[in-house]
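Okay, so here's the structure we're looking at.
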Amino acid sequence: MMRISTQQQYLQTIDQMQRTQATLADKQNEINTGKRLITPSDDPVAAAQVVKLERELAQYEKFDDNINVTKRRLQLEDSLLDDINIAMDRINELALKAGNEATLTDQDRKGIANELYELTDYVAGLMNTQDSEGEYIFAGSKGSTKPYEELANNRFAYRGDDGQRSIQVGGDLYIASNDSGQYLFEAVEGPLEINMTGVAIAEANATNTQPFIREASFSSAALEEQFLQAAEGVGDITIRVDEPQPNVFEYSVLDAAGNPVADTDGTPLQNIPAGDLSTTPLAVNMFGLTFELHEPSNGVNGNEITLNIERERQNILDVAVDLAKVLEQPVDGPESKAELSEAVATALNGVQQAQDRNNEARTTLGSRLSTLEKIAESNIDFELFTKTAISRLVDTDMAEAITEFRFAEATLQASQATFGRVASLSLFNYIN
Numbered sequence: 021m022m023r024i025s026t027q028q029q030y031l032q033t034i035d036q037m038q039r040t041q042a043t044l045a046d047k048q049n050e051i052n053t054g055k056r057l058i059t060p061s062d063d064p065v066a067a068a069q070v071v072k073l074e075r076e077l078a079q080y081e082k083f084d085d086n087i088n089v090t091k092r093r094l095q096l097e098d099s100l101l102d103d104i105n106i107a108m109d110r111i112n113e114l115a116l117k118a119g120n121e122a123t124l125t126d127q128d129r130k131g132i133a134n135e136l137y138e139l140t141d142y143v144a145g146l147m148n149t150q151d152s153e154g155e156y157i158f159a160g161s162k163g164s165t166k167p168y169e170e171l172a173n174n175r176f177a178y179r180g181d182d183g184q185r186s187i188q189v190g191g192d193l194y195i196a197s198n199d200s201g202q203y204l205f206e207a208v209e210g211p212l213e214i215n216m217t218g219v220a221i222a223e224a225n226a227t228n229t230q231p232f233i234r235e236a237s238f239s240s241a242a243l244e245e246q247f248l249q250a251a252e253g254v255g256d257i258t259i260r261v262d263e264p265q266p267n268v269f270e271y272s273v274l275d276a277a278g279n280p281v282a283d284t285d286g287t288p289l290q291n292i293p294a295g296d297l298s299t300t301p302l303a304v305n306m307f308g309l310t311f312e313l314h315e316p317s318n319g320v321n322g323n324e325i326t327l328n329i330e331r332e333r334q335n336i337l338d339v340a341v342d343l344a345k346v347l348e349q350p351v352d353g354p355e356s357k358a359e360l361s362e363a364v365a366t367a368l369n370g371v372q373q374a375q376d377r378n379n380e381a382r383t384t385l386g387s388r389l390s391t392l393e394k395i396a397e398s399n400i401d402f403e404l405f406t407k408t409a410i411s412r413l414v415d416t417d418m419a420e421a422i423t424e425f426r427f428a429e430a431t432l433q434a435s436q437a438t439f440g441r442v443a444s445l446s447l448f449n450y451i452n
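This is the structure we're talking about:
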């Protein structure tokens with residue numbers, strides 16, 4: 021049997037009471053602060069989990085900030101597009117009014133032109149709007165660049181790009197916070213543009229001379245449509261001029277794959293006689309595109325020129341300016357009347373295309389704003405779940421803590437009450 025000395029009994033009892041007092045102090049501190057996890061040493065495993073959860077919570081708080089910023093930008097964009105659409109309605113009304121040439125005088129048309137210029141300045145101001153951070157809304161990814169610059173001819177050039185800024189609003193979710201002016205406003209189809217490339221063009225530019233294809237143009241919108249239908253699926257067209265015999269030339273029309281293009285009757289346009297181009301240029305009409313063929317240079321591939329023909333993209337500002345310039349001119353004959361009618365028809369068509377793009381963009385904006393609302397709701401649910409998990413790890417269960425405090429208090433009181441009686445139980449006291 022193990023012997024227990026009086027001193028050992030004292031020390032054990034005092035140690036037990038000190039531990040109980042420490043427990044009592046801890047529970048009292050837990051009740052006072054409402055926290056059961058104050059330092060990592062209180063529960064190292066729980067502390068590590070709290071650090072992880074707090075990191076995730078901070079991330080979702082950043083997502084909330086991004087959502088609010090994105091919503092503000094998209095709502096501003098939607099408001100601006102609505103104002104621009106109202107202005108385009110007025111441009112459409114003025115174009116219809118200008119088309120009523122029977123009741124308008126030249127002075128009336130100048131008045132319409134003046135209002136069109138004013139509307140143009142107003143819409144240009146909307147297109148050049150800056151957000152609260154000083155960045156241009158419609159400049160694409162070039163936020164510090166003013167998107168629309170007025171040129172000397174009163175037309176407007178787009179200086180931004182076609183970029184979008186995507187902002188992270190969730191773990192793997194990104195939402196575009198803007199739309200570029202190139203997408204929103206450069207949506208009106210203008211006349212066909214003819215761009216010529218190839219060695220012959222480079223040589224002509226280097227020597228400050230004209231290439232062997234000159235005066236390429238379409239004389240009317242109807243011929244442009246005729247060309248587009250005939251050249252559908254062909255791609256870029258290459259004109260090659262050969263000289264099989266001295267001063268005897270012939271030309272071929274090749275598609276993007278290098279194969280001869282067929283004429284409207286199915287005949288391949290290959291090795292077509294062109295006469296002596298060194299003395300007499302040949303006038304060519306190819307599906308409505310007219311140009312002159314001259315003698316090519318003698319350089320390698322200097323006898324080929326590639327034509328890239330596609331629609332010019334215009335904005336509603338240029339549409340309004342072009343109509344205003346025609347309205348400023350007096351109508352005094354069949355030609356001017358025909359020009360006015362064509363200008364009005366072109367303007368009405370341009371406004372319709374611009375408004376179609378406007379409506380398309382606003383529909384997309386609505387979808388993005390709706391998506392942001394749903395993501396925000398999901399983020400709130402996640403934040404609530406995370407905060408609840410942190411609370412379970414950190415916060416005190418008051419009922420449990422009070423119960424444990426009272427138990428420790430009762431234990432300490434019992435220890436103190438019995439210690440005095442045990443301390444008096446000594447053999448020497450018994451002998452006395």
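Numbering of the sequence shown is given in this note's numbering, commencing with residue 21 and proceeding in unit increments.
Beta carbons are placed, not taken as given, at the ideal position from N, Cα and C, and that holds for glycine.
From a predicted model like this one, the values you see are computed outputs, not experimental measurements.
Distance, Cα to Cα, residue i vs residue j?
i, j, result
"Val261", "Ser317", "10 Å"
"Thr123", "Ala241", "27 Å"
"Gly54", "Ile187", "At Gly54 the pLDDT is 49, less than 50, meaning the model places this residue with poor confidence and gives no usable figure here."
"Glu223", "Gly322", "8 Å"
"Tyr168", "Gln290", "46 Å"
"Lys357", "Val339", "19 Å"
"Ser200", "Val268", "53 Å"
"Glu245", "Ala118", "26 Å"
"Leu116", "Leu368", "8 Å"
"Thr140", "Asn335", "11 Å"
"Ile259", "Ala396", "58 Å"
"Glu138", "Lys166", "20 Å"
"Glu170", "Phe238", "28 Å"
"Pro515", "Arg331", "A question about residue 515 goes unanswered here, because the residues of the chain that appear run from 21 up to 452."
"Ala353", "Arg129", "The sequence given here places Gly at residue 353; Ala does not occur at that position. Taking the straight line from one Cα to the other gives about 15 Å."
"Ala277", "Ala78", "57 Å"
"Asn105", "Phe176", "18 Å"
"Ile157", "Arg179", "13 Å"
"Ile111", "Asp126", "19 Å"
"Gln150", "Phe83", "23 Å"
"Asn378", "Leu96", "14 Å"
"Leu136", "Asn148", "18 Å"
Consult DSSP for residue i and reduce its assignment to one of helix, strand or coil.
i, result
"Gly54", "Residue placement at Gly54 is poorly supported in this model, since its pLDDT is 49, which falls under 50; the coordinates still yield a value, given next. If DSSP states are grouped into helix, strand and coil, Gly54 belongs with coil."
"Thr366", "helix"
"Gln188", "strand"
"Gly295", "strand"
"Gly210", "strand"
"Pro478", "In the structure as shown, the chain starts at 21 and stops at 452, and residue 478 therefore has no counterpart that could be examined."
"Pro280", "strand"
"Val89", "helix"
"Leu94", "helix"
"Leu327", "strand"
"Arg110", "helix"
"Ser75", "Residue 75 is actually Arg in this sequence, not Ser. In this structure, Arg75 counts as helix in the three-state DSSP scheme."
"Asn215", "strand"
From what residue to what residue does the beta strand (DSSP E) around residue i run?
i, result
"Asp262", "257-265"
"Glu10", "Past the edges of the chain, shown from 21 to 452, lies residue 10, and the structure says nothing about it."
"Arg175", "Taken as a continuous stretch (DSSP letters only), Arg175 belongs to no beta strand (DSSP E), as it is neither H nor E."
"Thr310", "309-313"
"Leu302", "302-306"
"Arg234", "233-237"
Using only CA atoms, which one of the options lies nearest to residue i?
i, options, result
"Tyr142", "Met108, Phe158, Ala172, Ala118", "Met108"
"Asn328", "Gln265, Gly255, Ala303, Asn335", "Gly255"
"Pro9", "Asp342, Leu360, Val341", "What the structure shows of the chain is the stretch from 21 to 452, and residue 9 is not part of that stretch, so it cannot be assessed."
"Glu248", "Ile214, Pro264, Asn225, Ile221", "The displayed chain sequence assigns Leu, not Glu, to residue 248. The residue with the shortest Cα to Cα distance from Leu248 is Ile214."
"Phe205", "Asn228, Asp181, Leu212", "Asp181"
"Tyr203", "Glu397, Lys130, Leu101", "Leu101"
"Leu114", "Leu343, Arg75, Gln373, Ser398", "Leu343"
"Val337", "Pro211, Val364, Asp84, Ala144", "Per the sequence shown, the amino acid found at residue 337 is Leu instead of Val. Here the closest residue by C-alpha is Ala144."
"Ile233", "Thr227, Ser239, Thr217", "Thr217"
"Ala282", "Glu252, Lys162, Thr300", "Glu252"
"Ala374", "Lys166, Ala226, Ala207", "Ala207"
"Gly190", "Asn88, Ile257, Tyr271", "Asn88"
"Arg388", "Gln150, Asn198, Ser272, Gly278", "Asn198"
"Ile292", "Ser272, Pro301, Asn305", "Ser272"
"Leu347", "Asp103, Arg75, Asn112, Ile132", "Ile132"
"Gly308", "Ala250, Lys162, Ala381, Thr287", "Ala250"
So residue i is in the alpha helix (DSSP H); what residue range does that whole segment cover?
i, result
"Val341", "336-347"
"Ala224", "219-227"
"Ala241", "241-250"
"Leu171", "No alpha helix (DSSP H) holds Leu171; DSSP gives it neither H nor E."
"Leu204", "201-204"
Minimum length 4: unbroken alpha helix (DSSP H) runs contained in the segment 116-163:
For the segment 116-163, the continuous alpha helix (DSSP H) assignments of 4+ residues that do not extend past its boundaries occur at 126-147, in sequence order.
Ordered list of beta strand (DSSP E) runs contained in the segment 356-400, each at least 3 residues
Taken in chain order, no unbroken stretch of beta strand (DSSP E) lies wholly in the segment 356-400 with a span of 3 residues or more.
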